[in-house]
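Number 424 marks the last residue of the sequence shown (this note's numbering); no jumps. Ideal Cβ positions, reconstructed from N, Cα and C, are used throughout, including at glycine. Predicted, not measured: the structure shown is a model, and the values here were computed from it.
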Amino acid sequence: MKERNPTGESPEKKAAGIAAADLVQDGMVVGLGTGSTTAYTIAELGRRVDEGLDILAVVTSYQSEMLAIQAGITLTSLAEHPNLDLAIDGADQIDKGLNVIKGGGAAHTREKVVSRSAERFVVVADESKYSEQLNHYVPLEVLPYAKEYVSQQVCRIGGKPELRLAARKDGPVITDNGNFVIDASLGVIENPVVIAAILSQLAGVVEHGIFTNVDEVYIGKKDGSVEIM
Ligand code: 5RP
């Protein structure tokens, strides 16, 4: 039997994830994000595929690949379908201008490529993720070779770098691309576009977790309602 339900039920995440899945229509090529909120989207799409929904999907991580396969969703790649109709993904923090920080699951590099490849990029989250201004640490995917250099540069711009460790603390997290993640605490991010540009210029940073290309955000509430921003 297919395993569809993400573990650890969250009514808020579930409401947002399922509401965004409603945007998916027959014939679409869809980008599937990573994390516990998009897991609900993937499960819902799998349910609709069983009912006859005809879609193709591009995944953003090993995790979303496994969930999509379990859900019975047919996968494709950006090589075959470089232009996606829609991408749906989670977030670690969202501000009032719909700027978003992602990368809590260390998947933000592929997530950014997928979001930029999509005609429409929709973020799904529970209400705890909303903040007037961004102040969450910014995940940086870095070449292992550049770990010290990038850490020094983060300090130089006034931030605090922390190499992300694996759950068992026996070594660094390794991304699906074979890199490390440095979580850069930068305080309140007054201008996400400017900080994004600075981080993009650091040699050895493959990608940072600031996304400024979000079209809509679906915020799930405890009562099961969803606010669209
Ligand atoms: C992975 C991400 C996730 O989308 C983000 O961390 C949110 O995850 P969740 O839906 O589990 O709260 O950016 O890199």
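Leaving out the 5 sequence neighbours to the left and right, which residues in its chain are closer than 6 Å to residue i when beta-carbon positions are compared?
i	result
V254	L227, E260 and A263
E198	Caution is warranted here: a pLDDT of 39 is assigned to E198, below 50, making its placement in the model unreliable, and no coordinate value can be reported.
K307	E402
V388	T407
N200	Because N200 carries a pLDDT of 42, less than 50, the predicted location of this residue cannot be relied on, and the following value inherits that uncertainty. Excluding residues within five positions, none has a Cβ falling inside 6 Å.
E239	I213 and A216
Q328	D290 and V383
D280	M223, V224 and E314
For residue i, which three-state DSSP category applies?
i	result
Q220	coil
Q265	helix
E336	strand
H276	coil
V317	strand
K209	helix
K297	coil
N200	Caution applies to N200, whose pLDDT of 42 falls short of 50 and renders its modelled position unreliable; the model cannot decide the point.
D284	strand
Please find out if some non-hydrogen atom of ligand 1 comes closer than 7 Å to the beta-carbon of residue i.
i	result
T370	no
A391	no
S310	no
G247	no
A286	yes
G230	yes
I233	The amino acid occupying residue 233 in the given sequence is Thr; Ile does not appear at that position. Yes, ligand 1 has a heavy atom inside 7 Å of this Cβ.
E306	yes
G354	no
H303	yes
G300	yes
K416	no
K208	yes
I'd like the span of the alpha helix (DSSP H) that includes residue i, first residue to last.
i	result
E343	K342 to R351
G241	S231 to D245
Is the beta carbon of residue i less than 8 Å from the beta carbon of residue j?
i	j	result
E314	E207	no
K297	D287	yes
L335	V376	yes
T271	V219	no
Y344	S380	no
T233	I283	yes
V368	R359	yes
A211	A320	yes
G285	G230	yes
Could you spell out where the beta strand (DSSP E) holding residue i opens and where it closes?
i	result
K429	Limits of the chain in this structure are 196 at one end and 424 at the other, which puts residue 429 out of reach.
D378	F375 to S380
I393	First-last for I393: P387 to S395, but that is the alpha helix (DSSP H), not the beta strand (DSSP E).
A252	L251 to V254
E322	Neither: E322 is in no beta strand (DSSP E) and is coded neither H nor E.
K355	K355 to L358
I414	E411 to G415
I423	V421 to I423
H403	V400 to H403
Report all residues from its chain with a CB closer than 7 Å to the CB of residue i; omit the five preceding and five following residues, and keep chain order.
i	result
D410	R315, F316 and V317
I393	I352
Comparing the CB of residue i with every heavy atom of ligand 3, is any distance shorter than 7 Å?
i	result
K297	The model on display carries ligand 1 but not ligand 3.
Here's a check: name, in chain order, each residue in its chain whose Cβ is nearer than 8 Å to the Cβ of residue i, leaving out the five neighbours to either side.
i	result
N372	T304, R305, E336 and V401
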